[in-house]
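Note sheet for the following structure.
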Amino acid sequence: MTRLGEAYLGGQGIRPRQIQRDVKLETMKQVAHFEFAIGSEHVRQLSRVVSFQRQGMDNLLQDVQAWSFAVGQLRRRGGEVRNSARRKNPIAEVDPDVPVRVLYVPPETTEQHSAFSAAKSAWDDLDVKAYAAGDEASIAHEAESLLASAP
């Protein structure tokens, strides 16, 4: 998560106040955690970090399934990001077509690869693009472009 945050801050097109950390997406009574929401009053990109190099793939798959369900609800109706760390404007609007990005630590074992395959399938269905760790700059560059083209 730190490297993704550094990538967001490393470019010229994103101001620190446009980077919201550890936010909750609320959509149709569903809640999902995201490490970052880019944008102040209107979210232009959401991102999450997931490691597939851990024990207990059952818990990871349950987390991914619940998170994917919430993203599916977002895709249908939009939602709001709530950021309790912000005193001013703690709620930001999220459109159904907002770019959702996942930065993942690649799997190593057979069980981890199986979990990754299931997650990737769900993400593909929801237009969630996944990037391997080390490709943080691609996510950050996209966020810069989205902010630059925002009305």
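Those letters in the sequence shown? Residues 60 to 210, per this note's numbering, in order. We treat Cβ as the ideally placed atom computed from N, Cα and C, and that holds for glycine. Note that this is a predicted model, so its numbers are computed, not measured.
Around the beta-carbon of LEU68, fewer than 16 other beta-carbon atoms lie within 10 Å, marking it exposed. Here LYS83 carries a strand assignment [DSSP, helix/strand/coil]. Here ALA189 carries a strand assignment [DSSP, helix/strand/coil]. Partner residues in a beta bridge of GLY131, as assigned by DSSP, do not exist. For ALA202 and ILE97, the gap between their C-alpha atoms comes out near 7 angstroms. Within the same chain, Cβ atoms closer than 6 angstroms to the Cβ of ASP154 are found at GLY137, the five residues on either side in sequence being excluded. Taking 4 residues as the shortest admissible run, the region 142 to 205 contains the following complete alpha helix (DSSP H) segments, listed from N- to C-terminal end: 169 to 184. Selection HIS101, GLN171, PRO166, ASP183 evaluated against VAL130 yields ASP183 as nearest (Cα-Cα). Taking 9 angstroms as the cut-off, the Cβ atoms of VAL109 and VAL164 count as close.
By alpha-carbon distance to ARG62, the top candidate from ALA199, ASP186, TRP126 is ALA199. Under the three-state reduction of DSSP output, ALA209 falls in the coil class, being neither helix nor strand. Counted as a single uninterrupted DSSP element, the stretch harbouring GLU94 is not any alpha helix (DSSP H) but the beta strand (DSSP E) occupying residues 89 to 97.
Spanning the alpha carbons of ARG146 and VAL123 requires a straight line of approximately 30 angstroms.
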